[in-house]
Each structure stands twice: as C-alpha cells, then as structure tokens.
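Below is one structure, written out as structure tokens, with a few remarks after it.
Residue numbers (our numbering): 3 to 234.
Here it is, written out as structure tokens:
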C-alpha cells in the first residue's frame with residue numbers, strides 16, 4: 003500500500019513539474035462574439051475600431067501612419083508565442099499592414115511588432131524602444147487567409163512565420179520586459195481568427211477551449227525554412 007501511495011505522489015509531482023515547464027495556452031476563436039478580454043490601446047474612436055462578426059475579429063483604421071492595436075493578456079506575460087489566421091479585406095490607401103504585437107507595455111512605448119506590408123510584400127520585426135527594423139520578403143495577396151505566428155524566446159531570439167515559413171528571424175541581446183499580446187492593423191480592414199497564445203507563465207484560458215477544424219479552402223499553405231537573418 004505504501005509503495006502504491008508513493009507512486010501516486012511521484013506521478014503527481016512529475017505532472018506538476020511538466021505543467022510548470024510547459025505552461026498553458028490562451029485561445030479565442032471569436033465564435034461567442036464576446037470581446038471583454040480585449041482592449042484597444044490608445045483608442046481614437048473617429049479613426050479605429052474593432053468588433054466581431056461571423057466568427058472572426060475585424061480591425062479597421064484608415065489614418066496613415068497610425069497603427070491600431072487590439073490587446074489581451076497580462077503585463078507579466080513574457081517569452082511566449084502568438085499565432086492566428088489573418089486576411090486583408092479592404093485597403094484604401096498605401097501600405098495596408100497587418101500583424102501582431104508581443105511584450106506590449108502600452109504607454110511605456112515598449113513592444114515588439116511583427117508586421118506584413120501587403121503593398122511591398124515585406125514582413126518585418128521591429129523593436130519599439132531603442133530598437134531597429136529587420137525585413138524579410140513574402141508574397142501576400144488581398145482576400146486570402148494566412149497563418150501567422152510570432153515568438154519571443156528567453157535567449158533573445160525572435161521568429162516571425164507565415165504559413166509555417168520562417169520569414170524573419172532576429173536576435174535581441176537586450177530583450178524587452180514582458181507585456182500584453184495583440185493584433186495589429188494599419189491602413190486597412192482585416193479579419194483575424196483562431197488566436198492562440200502559449201508560454202511557460204501563461205495559464206490555460208481565454209474564451210475558447212479548443213479550435214474547430216477550419217475548411218481547407220480558407221488556408222494557403224507554404225512549407226519552407228529560412229535561417230535567422232539579423233539582430234538588433
């Protein structure tokens with residue numbers, strides 16, 4: 003009986019250590035139309051808006067050169083990965099841009115931006131607060147769904163992937179403090195879906211427990227691998 007009890011305790015300890023090591027995942031597929039866990043940073047109501055419709059999030063701003071950021075999470079979140087699906091649907095002026103923000107600390111001006119410029123087919127990683135911009139090329143089209151993901155590692159590495167292709171990689175010798183995660187739009191209206199945020203210090207949560215399988219025709223899949231191509 004004692005051996006059985008010890009075995010159960012050991013299993014529980016191992017499971018706790020595994021959960022601690024791998025952290026959790028926060029998800030939102032926007033099917034419930036609830037947005038209370040999201041906020042617009044520095045809202046300017048006459049220029050930007052975010053809402054949900056037909057199971058997707060919609061972000062819109064047409065006031066060059068301003069970005070609109072829709073954020074979620076905790077200021078303590080750090081070294082995590084954000085992935086989602088995105089589609090540009092309306093562009094009225096130059097350089098329609100969509101992407102992600104990580105380690106976002108709002109008014110402190112501290113954040114990493116992972117952006118796709120649909121006019122130039124340029125994807126970039128930029129460090130706001132004493133950093134630079136690193137570009138990579140990827141051909142994108144309007145009215146097409148893309149899977150994008152961005153990750154900040156605890157060794158200072160940063161990755162930006164489009165359809166599982168590493169388009170931009172970087173190394174930051176002085177990583178920014180942790181912060182919120184979010185969606186970004188500029189000079190455009192764009193759809194976002196299936197947001198997933200995972201990291202060691204992120205608990206399982208969000209409005210969605212798991213994602214339904216998406217219709218294959220909505221996906222554009224490109225496989226490949228590029229080496230990291232720069233640092234700050």
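Ideal Cβ placement from N, Cα and C applies to all residues, glycine included.
A direct Cα-to-Cα measurement between residue 137 and residue 111 gives close to 21 Å.
Of the candidates 127, 68, 80 and 43, the residue whose Cα lies closest to the Cα of residue 178 is 80. Straight through space, the alpha carbons of residue 88 and residue 50 are spaced by roughly 18 Å.
Within the same chain, Cβ atoms closer than 6 Å to the Cβ of residue 127 are found at 116, 136, 160, 162, 170 and 172, the five residues on either side in sequence being excluded. In this structure, the straight-line span from the alpha carbon of residue 183 to that of residue 38 is close to 15 Å. Comparing alpha carbon positions, the residue from 141, 149 and 107 closest to residue 101 is 149. The beta-carbon distance between residue 99 and residue 114, rounded to whole angstroms, is 15 Å. This is too long to meet the 8 Å contact definition. Comparing C-alpha distances from residue 155 to each of 55, 105 and 67 shows the shortest one belongs to 105. Rounded to whole angstroms, the gap between the alpha carbons of residue 145 and residue 133 is 32 Å. About 12 Å separates the beta carbons of residue 188 and residue 92, which is beyond the 8 Å limit, so they are not a contact pair. Between the alpha carbons of residue 152 and residue 85 lies a gap of roughly 6 Å.
Assignment of residue 109 by DSSP, reduced to helix, strand and coil, places it in the helix class. Between the alpha carbons of residue 125 and residue 96 lies a distance of about 16 Å.
It is roughly 39 Å from the alpha-carbon of residue 48 to the alpha-carbon of residue 175.
DSSP places residue 98 outside both helix and strand once states are collapsed to three, so it counts as coil. Here residue 207 is not near residue 78, since their CB atoms are 9 Å or more apart. In the three-state reduction of the DSSP assignment, residue 181 falls in the coil class, being assigned neither a helical nor a strand state.
Residue 197 has its alpha-carbon roughly 5 Å from the corresponding atom of residue 30.
The alpha carbon of residue 61 has as its nearest neighbour, out of 107, 131 and 195, the alpha carbon of 195. Beta bridge pairing from DSSP links residue 114 with 104 and 129. Spatial neighbours of residue 234 in its own chain (CB-CB distance under 6 Å, excluding positions within 5 residues in sequence) are listed in chain order as 129, 133, 134 and 174.
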